[in-house]
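> Take this structure first; my questions come after.
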Amino acid sequence: MNNHKIISIDGGSAAYWRERKHAFRLIREAELAAERLADAPMYLHGGYDEDGDVIPIENLGPHDDMEDAIRAIEADPTAVSILVAQGRTDIGGHKVKAVIAGLEPDWGHIEDPVSNPLWGPDTD
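Listed below in structure tokens is the structure:
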């Protein structure tokens, strides 16, 4: 049984094009965040300790930016629908769970432990 929601599209609507432009911007920002993450150093120079040794500081900023970009995409239904249509389940190696869920076959959540009461702590 297929319970997909039918979406009506008004291609002449200004709101439709605003949503699309915003969604593509979110996707591009995630792609750029993935590029920055790939090029970013793992550690930054945090000064010197009393022995003159370098104090390394873990560079978490690019990771945080990537997580924020993925969360922004997952919160935008238009961005998710674009990625589902493209079949893109990840950006820069980072999974977009909302897209993966959109591409999975609809079996009425049979295999979903959250929504299926037959799943419990004792089941596989």
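My numbering applies: residue -2 is where the sequence shown begins, and numbers increase by one. Yeah, the Cβ is synthetic: ideal placement off N, Cα and C, and Gly gets one too. This one's a predicted model, so the numbers in the text were calculated from it and none came from an experiment.
Does Asp46 come out as helix, strand or coil in the three-state DSSP assignment?
In the structure shown, Asp46 adopts coil according to DSSP, grouped into three states.
> Under the assumption that Glu28 contacts Gly89 (Cβ atoms under 8 Å), give the Cβ distance between them as a whole number of angstroms.
7 Å
> So, using beta-carbon positions, are His100 and Ile70 closer together than 8 Å?
The displayed chain sequence assigns Leu, not His, to residue 100. With contacts defined by Cβ atoms closer than 8 Å, Leu100 and Ile70 do not form a contacting pair.
> Check whether the region 25 to 39 and the region 51 to 68 are in contact - that is, three or more C-beta pairs closer than 8 Å.
yes
> Count the other CB atoms, across all protein chains shown, that sit within 10 Å of the CB of Val96; report buried if there are 16 or more and exposed otherwise.
buried
> Entirely within the region 38 to 99 and at least 3 residues each: give me those beta strand (DSSP E) ranges in chain order.
40 to 45, 51 to 55
> Between the C-alpha atoms of Ala11 and Val51, what's the straight-line distance to the nearest angstrom?
55 Å
> Closest to Ser78 by CA distance: which of Val93, Asp65, Glu64, Glu26 is it?
Considering only Val93, Asp65, Glu64, Glu26, the residue with the shortest C-alpha distance to Ser78 is Val93.
> Return yes when the C-beta of Ala82 is under 7 Å from any heavy atom of the ligand FMN, and no when it is not.
As presented, the structure is devoid of all ligands, the ligand FMN included, so that no description of it is given.
> Taking C-beta to C-beta, are Ala66 and Ala30 nearer than 8 Å?
A contact, by the Cβ cut-off of 8 Å.
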